[in-house]
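K.L.:
So in the UniProt record's numbering, spot 178 of the sequence shown is number 178, and the numbers just go up one at a time.
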Amino acid sequence: MAKVHPNSTASSSEARRKKAEAPPSSSPESGGEAAVLTVWRKSLLFNCSGFTVFDDKGNLFFRVDNYSSGKRAEVVLMDAAGRPLLSIRRKRLSLSEQWLVYEGEDSTAPLFSVKKPFGFLQPRALARVAPIGGRFCGYEVEGSFSRRSCAVYDGRRRRVAEITRKESAGGVGFGGDVFRLVVLPGLDSAVAMAIVILLDQMFPS
Numbered sequence: 001m002a003k004v005h006p007n008s009t010a011s012s013s014e015a016r017r018k019k020a021e022a023p024p025s026s027s028p029e030s031g032g033e034a035a036v037l038t039v040w041r042k043s044l045l046f047n048c049s050g051f052t053v054f055d056d057k058g059n060l061f062f063r064v065d066n067y068s069s070g071k072r073a074e075v076v077l078m079d080a081a082g083r084p085l086l087s088i089r090r091k092r093l094s095l096s097e098q099w100l101v102y103e104g105e106d107s108t109a110p111l112f113s114v115k116k117p118f119g120f121l122q123p124r125a126l127a128r129v130a131p132i133g134g135r136f137c138g139y140e141v142e143g144s145f146s147r148r149s150c151a152v153y154d155g156r157r158r159r160v161a162e163i164t165r166k167e168s169a170g171g172v173g174f175g176g177d178v179f180r181l182v183v184l185p186g187l188d189s190a191v192a193m194a195i196v197i198l199l200d201q202m203f204p205s
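1) What residue does the alpha helix (DSSP H) around residue 189 start on, and which one ends it?
2) Helix, strand or coil: which one does DSSP assign to residue 48?
3) Let me know the secondary structure DSSP gives residue 186 once reduced to three states.
4) Measure from the alpha carbon of residue 38 to the alpha carbon of each residue in 113, 62, 48, then state which is nearest.
5) Does the separation of the CB atoms of residue 209 and residue 111 fall below 8 Å?
6) Could you give the DSSP three-state label for residue 106: helix, strand or coil?
7) Buried or exposed: which applies to residue 139, given that a residue is buried once 16 or more other Cβ atoms fall within 10 Å of its Cβ?
8) Determine the closest residue to residue 79 out of 200, 191, 201, with distance taken between C-alpha atoms.
9) Below 8 Å on the Cβ atoms is my contact criterion, and I expect residue 197 with residue 60 to pass it. Report the Cβ-Cβ distance as a whole number of Å.
10) In terms of DSSP beta bridges, what is residue 153 paired with?
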């Protein structure tokens, strides 16, 4: 198999670790560049499911470790050191598929909600992200997650992130378990990864 994680034992930079300690924010970063992440639909822990995410230098960036398979009531997105960044919880007693996303391991004040729209009303729409409390912008996800071909748009219809297939240096595809997440300035990479996690919950392969 082609190499997915060239520096899997290395953590991301000190700057990223400091940023992870601050509350996630979706505000644009001045002079920022697109973050190109490799998402591996696999946990590095034995007998766990989840995600392992690397930056463009091959350093561990995000991780998700779940001890149960299938749809879960709660998923925690962590940084490279294992610190919780966002907690994703399915909304109880909801007629539609809807999740609430909290900062860290908080369970009282959600930052935003993510809802799966009814397909016959908007066939291209995969998910809708709605702010709670004014800290985040609203976003809409369109495309096909099963094909790893999606885009995230803000309220002005500007593309702020995209999911694409990843190929090895030799041009060999990795399949659906390894793909690329490109996050443009204006969207926090943790929020973008939370959207990926929820797409995986909504459209399991």
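Beta carbons are placed, not taken as given, at the ideal position from N, Cα and C, and that holds for glycine. Keep in mind it's a predicted model, so treat the numbers as computed, not measured.
P.N.:
The short version:
1) In the sequence shown, residue 189 corresponds to position 189, counting from 1. From DSSP, the alpha helix (DSSP H) with residue 189 extends over 189-202.
2) Within the sequence shown, the letter at position 48 stands for residue 48. Secondary structure of residue 48 (DSSP, three-state): coil.
3) In the sequence shown, residue 186 corresponds to position 186, counting from 1. DSSP, read as helix, strand or coil, puts residue 186 in coil.
4) What you label residue 38 is simply residue 38 of the sequence shown in a count that begins at 1. Out of 113, 62, 48, 62 has the C-alpha closest to the C-alpha of residue 38.
5) The chain is shown from 1 up to 205; residue 209 falls before or after that span and cannot be answered.
6) Taking the first residue of the sequence shown as 1, we reach residue 106 at position 106. Here residue 106 sits in coil by DSSP.
7) Position 139 of the sequence shown, counting from 1, holds the residue named residue 139. Residue 139 is buried by the Cβ-count criterion.
8) Counting from one through the sequence shown, the residue named residue 79 turns up at place 79. Closest by alpha carbon: 191.
9) Along the sequence shown, one-based indexing puts residue 197 at 197. Along the sequence shown, one-based indexing puts residue 60 at 60. With a Cβ gap of about 17 Å, residue 197 and residue 60 do not count as contacting.
10) Position 153 of the sequence shown holds residue 153. Bridge partners of residue 153: 140, 159.
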